[in-house]
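Read top to bottom, the protein sequences are chains A and B. Residues 1 to 229 in the numbering used here are what the first sequence spells out, letter by letter. Residues 1 to 370 in the numbering used here are what the second sequence spells out, letter by letter.
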Amino acid sequence: MNASFVLGGIAVALVVAGAVLASLDDDGIALLVALALQYGGVAITLALQNGPVDGLIGVVIGLGCLAILATAGTLRSAADPAVRLTAGARWLGASITGLAVAGAIGLAISDPLFDEVRTDIVVGTLVLVGLLFTLLGGASRLICGLIFISSVAALMVRLADPHLSPIDSLLLALVQLGVCIGLNVLWSPVRSPLAPARRRLRRTHYRPAPPAARPATEPAASDVTEAAR
Amino acid sequence: MTPGLAIGVALTAGLIVLLVGVVSPPEQVRAVIPCGLLGLAGIILAGRPTSSAIGAVLVVVGIALALAPALAGVSEAARAAGRRYLAWMIVAGCALLFSAALDHLQAREPALNLSGPIAALFVVGIGILLAAPPFSLWLPALAEETPGLAALTVGLLGCGAAMISGEMVASGPLRLVGVTAPPGFAGAGGILAVIAALAALGEPRPRRSFAFLISASAGLLVAYVAAGSRGTPSALIFALSAHALAAALGLGALAAARGPLDGLIWHRPLTGTALIVSALGLIGLPLTAAFVGRTLLAQSMLDASPVLLIASGLTGVIGGLAFLRNFGAIFARIDLAPAAPRLADLIALGLALALLLRGLAPGALRDLLR
Numbered sequence: 001m002n003a004s005f006v007l008g009g010i011a012v013a014l015v016v017a018g019a020v021l022a023s024l025d026d027d028g029i030a031l032l033v034a035l036a037l038q039y040g041g042v043a044i045t046l047a048l049q050n051g052p053v054d055g056l057i058g059v060v061i062g063l064g065c066l067a068i069l070a071t072a073g074t075l076r077s078a079a080d081p082a083v084r085l086t087a088g089a090r091w092l093g094a095s096i097t098g099l100a101v102a103g104a105i106g107l108a109i110s111d112p113l114f115d116e117v118r119t120d121i122v123v124g125t126l127v128l129v130g131l132l133f134t135l136l137g138g139a140s141r142l143i144c145g146l147i148f149i150s151s152v153a154a155l156m157v158r159l160a161d162p163h164l165s166p167i168d169s170l171l172l173a174l175v176q177l178g179v180c181i182g183l184n185v186l187w188s189p190v191r192s193p194l195a196p197a198r199r200r201l202r203r204t205h206y207r208p209a210p211p212a213a214r215p216a217t218e219p220a221a222s223d224v225t226e227a228a229r
Numbered sequence: 001m002t003p004g005l006a007i008g009v010a011l012t013a014g015l016i017v018l019l020v021g022v023v024s025p026p027e028q029v030r031a032v033i034p035c036g037l038l039g040l041a042g043i044i045l046a047g048r049p050t051s052s053a054i055g056a057v058l059v060v061v062g063i064a065l066a067l068a069p070a071l072a073g074v075s076e077a078a079r080a081a082g083r084r085y086l087a088w089m090i091v092a093g094c095a096l097l098f099s100a101a102l103d104h105l106q107a108r109e110p111a112l113n114l115s116g117p118i119a120a121l122f123v124v125g126i127g128i129l130l131a132a133p134p135f136s137l138w139l140p141a142l143a144e145e146t147p148g149l150a151a152l153t154v155g156l157l158g159c160g161a162a163m164i165s166g167e168m169v170a171s172g173p174l175r176l177v178g179v180t181a182p183p184g185f186a187g188a189g190g191i192l193a194v195i196a197a198l199a200a201l202g203e204p205r206p207r208r209s210f211a212f213l214i215s216a217s218a219g220l221l222v223a224y225v226a227a228g229s230r231g232t233p234s235a236l237i238f239a240l241s242a243h244a245l246a247a248a249l250g251l252g253a254l255a256a257a258r259g260p261l262d263g264l265i266w267h268r269p270l271t272g273t274a275l276i277v278s279a280l281g282l283i284g285l286p287l288t289a290a291f292v293g294r295t296l297l298a299q300s301m302l303d304a305s306p307v308l309l310i311a312s313g314l315t316g317v318i319g320g321l322a323f324l325r326n327f328g329a330i331f332a333r334i335d336l337a338p339a340a341p342r343l344a345d346l347i348a349l350g351l352a353l354a355l356l357l358r359g360l361a362p363g364a365l366r367d368l369l370r
C-alpha cells in the first residue's frame, strides 16, 4: 500500500467527515471544524494531483478562509440559538448527505473524470453536498454549501489546468477569499436578519425601561379624566 | 476578443458607473463609487488582450463579489435581497468555472465527451449573471429598495457576461453551445421569458415590474444563446452590452426619479424620456440598440426554433402592456412645474441618446471603434 493511496483515502475521509459534520451540527465551532476538514481534503487532493506546492497553496487559502469566517463570527450568527435545527432536520440532512456521498462514489466509478477515482469522489461529494445544502435551507447549511461549491470549483480549475497563469492563480485565491468576505458582510452578527427576533426575545426577558417623566406644565391624561368627572 | 469590442464594452460599463454615481442618494454614494470603480477596473482587466476564459470568469465573479458589500448597509430588505444575490452569484461563478474547467479537460482528453455538461453549465452561469428567469429572484426586491445599486449590479454584470462570451467564443465552451446544449434549454428559456413578462404585467409596483421586464429580456437573450443563434461573436457582445445598458439606464432613471412616478415626463422630461427609451429596448421595439442586438441574434432562428420566435413576440406584447399599465402614470398631468435639469437628468439623456444612436447606426460606432 503506497503513500499516495493512503493520502487519497485520507482526503476522501476528511471531505466526507466534513460534509457529515456540517449536516449533523449547526453550532459555529462544529461548522468551522467541518469546513477545516473539507479544506484539508481539498489540499491533500491538490498535493497528490498537482504537487506539494499546489497543496500548500490550498492549505494557505483554506486557513485564510477559516480565519475570515472565525474572526467575524459569521457561522456563530448563522447558527443562532433561536433557530437551531431540530433533531429530525439534522438526521434528515445527514441521511441526504449520505445519499449524496453514495451518489458521488457511483458517479466516480461509472463516469470518471480524472485518473484517480478518489479525486472524483472528493469532487463529486463536494458538488452534490454543496448543492443539497443550498437547497435544504438554513443559514448555516447555505453558507457551508456555498463554501463547498466555491472550494470544489477552484479545485476543478486547478486540476483541469495545472499550469494556470500567475494572475489567474491570484484571482482564484482572491475569489475564494472574496466569497468568505461577502458571506461575512451579509451574514455578520452585527446586522443579522434575526436581530428583530432577538430584540423581541430580549424584551420578553427584561423589564421595560420606566417611562420618561412628563413635563410639569402639561396635565397627565388621568388628571384630565378626573377633572372631567 | 478584439480590442475594439473590449473598448466598447468598457465604455458602456464606464457610462453605467457614471450614471449610478450621479443618481445615487448621498448616503449610498460612499458605497457605490468604490464598488463601481472596482467593477469598471475589473471589466477593463477582463478585456485585456492576454485574458483567458478562466481569467475572464474569475474577474467577473470578483466584480459580483465586490458589489455585495454595497448592499449590506442600505436597509434590512436590501440586505435580504443582497443575500439572495450573493448566493446566486456564487452559484453562477462556480457554474462558469466548472464549464471552463471541463472544457480544458475535454481538450486534454477528447474521449471524455463532456460537451453537454459544458454547454449547460455555461448557459446556466450566463443566465444567472444576466438575471434571466428563474435565476432572478434577487432582482425585484433590490430594484424596489435600491434601484441605483440594482442598476450598477445589472449593468456591470451584463458587461461582464459580454466579456466572458467574447473570451469563450473562440476557444471556450461557447463554441459548443447550440450544438450540444440540452434541446429543451432554448424552448424553456423562451417560455420562462413569457412568464417573466406576465409577472411584470401582474406586478403592481413599478420598480419591481421593471425588474421583471429586465428578466424577460435577459431570458430571451439566454434562450437565443442556448439555441445556437449567436451569429457572429460581435453580434452576441453587442446584444449583451446593449441589454446591460438599457437595463441600467431604466433602473438609473427610476433611481433618479426618487418617489412617485406620476407626471414624470412633464416634471422631469429628460429622466422620463430615458426611462421610455430603456423600456423600448427591453420590450424589443425598434429604434434602440437592444432591438438591433436581439434582431442580430434572432436572424438565424427563423427556421431553427419557431417556438422561440413566438415566445419572443409574446414577450414583447406582454412587456409593452406591462409598461403601459405600470408606467402610464408618468404621462399624467400634474400641477408641478417642470424641474430644472439636473446632472443626473443630463447623463440619463446622454445614455438614452447613445442607446438610440447605437440602434439607428450600429455600423458607425463599430467603425469608430475599429
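Even for Gly, the Cβ is constructed at its ideal location relative to N, Cα and C.
Legend entry - Neighbourhood of L343 of chain B by C-beta distance below 8 Å, restricted to the same chain and skipping five residues each side: Only V22 meet the Cβ criterion.
Legend entry - Burial state of W138 of chain B (16 or more Cβ within 10 Å): buried
Inset, instruction - Less than 8 Å between the CB atoms is what I'm expecting for A227 of chain B and S278 of chain B, so what's the real figure, rounded? - result: Incorrect: roughly 26 Å between the Cβ atoms, too far for contact.
Inset, instruction - Enumerate, from N- to C-terminal direction, the unbroken alpha helix (DSSP H) stretches of 4 or more residues contained entirely within the segment 186-227 of chain B. - result: Fully contained in the segment 186-227 of chain B are the following alpha helix (DSSP H) runs of length 4 or more, in chain order: 206-227.
Legend entry - Any chain B beta carbon closer than 7 Å to I149 of chain A: yes
Legend entry - Closer than 7 Å at the beta carbon, the chain A residues around H104 of chain B: A160, D161
Inset, instruction - Identify the contact partners of G98 of chain B in chain A, using a Cβ-Cβ distance below 7 Å as the criterion. - result: Per the sequence shown, the amino acid found at residue 98 of chain B is Phe instead of Gly. Simply A153, M156.
Legend entry - Where P134 of chain B sits in the DSSP three-state scheme: coil
Legend entry - Own chain partners of L11 of chain B with C-beta closer than 8 Å, once the 5 adjacent residues on each side are dropped: Excluding its 5 nearest sequence neighbours in each direction, L11 of chain B has no C-beta neighbour in its own chain below 8 Å.
Inset, instruction - With distances taken Cα to Cα, identify the nearest neighbour of D103 of chain B among B:M168, B:G250, B:S209, B:P338. - result: B:M168
Legend entry - L221 of chain B versus B:P3, B:V123, B:C35, B:L254, residue with shortest Cα-Cα distance: B:V123
Legend entry - Proximity to W266 of chain B [Cα-Cα], best of B:A337, B:R48, B:I118: Answer by Cα proximity: B:A337.
Inset, instruction - Kindly say whether S192 of chain A, judged by its beta-carbon, lies nearer than 7 Å to any beta-carbon of chain B. - result: Caution is warranted here: a pLDDT of 41 is assigned to S192 of chain A, below 50, making its placement in the model unreliable, and no coordinate value can be reported.
Inset, instruction - State the DSSP-derived secondary structure class of P3 of chain B, mapped to helix, strand or coil. - result: helix
Inset, instruction - Decide if R202 of chain A is buried, meaning its Cβ has at least 16 other Cβ atoms within 10 Å, or exposed. - result: Because R202 of chain A carries a pLDDT of 45, less than 50, the predicted location of this residue cannot be relied on, and the following value inherits that uncertainty. Classification for R202 of chain A: exposed.
Legend entry - CA-to-CA distance, I237 of chain B to G219 of chain B, given in whole angstroms: 16 Å
Inset, instruction - Taking L308 of chain B as the reference, give the member of B:L5, B:G284, B:I191, B:D345 with the closest Cα. - result: B:I191
Legend entry - Short CB-CB distance (under 7 Å) between P69 of chain B and chain A: yes
Inset, instruction - Grab me the residues of L18 of chain B's own chain with a C-beta within less than 8 Å of its C-beta, minus the 5 sequence neighbours each way, in chain order. - result: I347
Inset, instruction - Would you list, in sequence order, the uninterrupted alpha helix (DSSP H) runs of no fewer than 4 residues that lie entirely inside the segment 24-83 of chain B? - result: 26-46, 53-72
Legend entry - S215 of chain B classed as buried or exposed, judged by whether at least 16 other C-beta atoms fall within 10 angstroms: buried
Inset, instruction - Locate the alpha helix (DSSP H) running through L270 of chain B, then write down its first and last residues. - result: 269-283
Inset, instruction - Pull out every residue of the segment 125-136 of chain A whose Cβ sits closer than 9 Å to any Cβ of chain B, in chain order. - result: V127, G130, L131, T134
Legend entry - Anticipated Cβ contact below 8 Å, L251 of chain B with A150 of chain B, distance rounded: About 5 Å separates the beta carbon of L251 of chain B from that of A150 of chain B, a gap short enough to meet the 8 Å contact definition.
Inset, instruction - Give the interface partners of V61 of chain B over in chain A, defined as CB-CB distance under 7 Å, in chain order. - result: For V61 of chain B, the C-beta contacts it makes with chain A under 7 Å involve V175, in order along the chain.
Legend entry - Test: L146 of chain A CB closer than 7 Å to a CB of chain B: yes
Legend entry - 7 Å Cβ cutoff, D27 of chain A in contact with chain B: no
Legend entry - C-alpha gap between T119 of chain A and I105 of chain A, whole angstroms: Roughly 10 Å separates the two Cα atoms.
Inset, instruction - Can you tell me which of the three DSSP states N184 of chain A falls into? - result: helix
Inset, instruction - Can you pull the chain B residues whose beta carbon is under 7 Å from the beta carbon of L21 of chain A, in chain order? - result: Residues of chain B with a Cβ closer than 7 Å to the Cβ of L21 of chain A do not exist; the shortest Cβ-Cβ separation is about 21 Å.
Legend entry - Straight-line Cα distance separating S23 of chain A from T97 of chain A: 7 Å
Legend entry - Test: I16 of chain B CB closer than 7 Å to a CB of chain A: no
Legend entry - Test: V15 of chain A CB closer than 7 Å to a CB of chain B: no
Legend entry - Length of the line joining the Cα atoms of G160 of chain B and I54 of chain B: Their backbone Cα atoms lie some 13 Å apart in a straight line.
Legend entry - Coarse secondary structure for H163 of chain A, derived from DSSP in three states: coil
Inset, instruction - Using the Cα positions of L152 of chain B and L113 of chain A, report the straight-line distance between them to the nearest angstrom. - result: 39 Å
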